[in-house]
Amino acid sequence: MKTRAALYATVKVSNYAGRQWIRRRGQIEERVMESRVQRDIRFLKAYAIMLTVLLAGVVVYGFTWADQKTRFDEIDVARINIVEKDGTVKLIISNKERAPDAIINGKTYPRQGGNSAGIIFLNDKGDECGGLTFSGAEKDGKAGAGAVLLFDQFNQDQTVGITYSERAGRRSAGFNVWDRPDTPIWETLKTWDAIQAMKDGPEKTDAIKKLQESGAAGARRIFVGKDPDKAAQVVLCDARGKPRIRMIVDAAGAARLEFLDEAGKVTSSLPDDSKKR
20 MKTRAALYAT VKVSNYAGRQ WIRRRGQIEE RVMESRVQRD IRFLKAYAIM LTVLLAGVVV
80 YGFTWADQKT RFDEIDVARI NIVEKDGTVK LIISNKERAP DAIINGKTYP RQGGNSAGII
140 FLNDKGDECG GLTFSGAEKD GKAGAGAVLL FDQFNQDQTV GITYSERAGR RSAGFNVWDR
200 PDTPIWETLK TWDAIQAMKD GPEKTDAIKK LQESGAAGAR RIFVGKDPDK AAQVVLCDAR
260 GKPRIRMIVD AAGAARLEFL DEAGKVTSSL PDDSKKR
């Protein structure tokens, strides 16, 4: 009996010790887990703080950079388009190769004489409304050059401008004012294209003459400048572009004022040349 009771007591003590060990082990595991969780929380807090600081730095740098203007000491470029916020092109700076064709009523047209390097102005419609172009070269030992600064009438061709031209040693330069019709220029271009599609002959020649005489192409009304004969002139023209008054100081320094008829004949002048005869 004693032996059995002792054995029972031993087993009971052993079971109690086992439960205590399991309880203690559980407590240790909980503490280890809690320690790991706290460590992870501390890491996440540090990561969040670091990320917040980094993001704040990027935002501050972005605003600072946005307020700064990029500056270049020198830049090589073939073409620059100046645009509005909505993307509408308002000005084009380009070399000869990248120069745009004329844009009229949303349609492109090749330029007479080809494109040149310079600046092209465009209105809110996206149509060309003027520009600054220039060129100059030598061929067979002879110089050829030209430059224009022009401003167009709305839906029409140039109405005011400064021009320069040089061919074979003969130069002209001056300020010009043109008169343009109310008819949009693309209507005149349609008529001109139809005429050009006609077969060569008297009918085509007559159609070109009628178009020119109709005033559809406009006319130069004022010229103030120097002609190829090195004479300084002020020329006032009629609605068809024919000179009617000329004020001239020629290359020799002689001055005169001339009045002309529709055929271009001088009807009177100052000083009066008739008195010298």
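Note that this note's numbering gives residue 213 to position 194 of the sequence shown, counting from 1, and the numbers run on in steps of one.
Backbone N, C-alpha and C define an ideal beta-carbon position, used for all residues, glycine too.
query: Which value, in whole angstroms, describes the spacing of the CA atoms of GLY7 and ARG240?; result: Within the shown structure, residues of the chain are numbered from 20 to 296, placing residue 7 beyond reach of any answer.
query: Measure how close the beta-carbons of VAL167 and LEU141 come, nearest whole angstrom, since I'm counting them as under 8 Å.; result: About 17 Å separates the two Cβ atoms, so there is no contact after all.
query: Whole angstroms are fine: how far does the CA of GLY133 sit from the CA of ALA121?; result: 10 Å
query: Which residues bound the beta strand (DSSP E) around ALA166?; result: 161-171
query: From GLY193 to ALA250, what does the alpha carbon distance come to, in whole angstroms?; result: 12 Å
query: Inspect the CB distances between the stretch 229-236 and the stretch 277-290 and report whether three or more fall short of 8 Å.; result: no
query: In terms of residue numbering, what span does the alpha helix (DSSP H) encompassing ALA250 cover?; result: Element bounds for ALA250: n/a, residue is neither H nor E.
query: Alpha helix (DSSP H) containing THR107: first to last residue?; result: No alpha helix (DSSP H) contains THR107, which DSSP labels as neither H nor E.
query: Mind checking whether ILE94 and ILE111 have CB atoms under 8 Å apart?; result: no
query: Assuming ALA156 is part of the beta strand (DSSP E), what are its boundary residues?; result: 147-158
query: Would you say the stretch 204-219 touches the stretch 252-259, given that touching needs at least three Cβ pairs under 8 Å?; result: no
query: Can you grab the Cα-Cα spacing for the pair VAL102 / PRO129, in whole Å?; result: 23 Å
query: Let me confirm a value: GLU157 is counted as buried when at least 16 other C-beta atoms fall within 10 Å, else exposed. Which label applies?; result: exposed
query: I'd like the list of long-range same chain contacts for SER288, defined as Cβ closer than 8 Å, with 5 residues on each side in sequence excluded.; result: ARG275, LEU276, GLU277 and PHE278
query: For LYS115, which of ARG58, PHE242, SER135 and GLY260 has the nearest alpha-carbon?; result: SER135
query: How close, in whole Å, do the beta carbons of SER191 and LYS245 come, if the pair is a contact with beta carbons under 8 Å?; result: 6 Å
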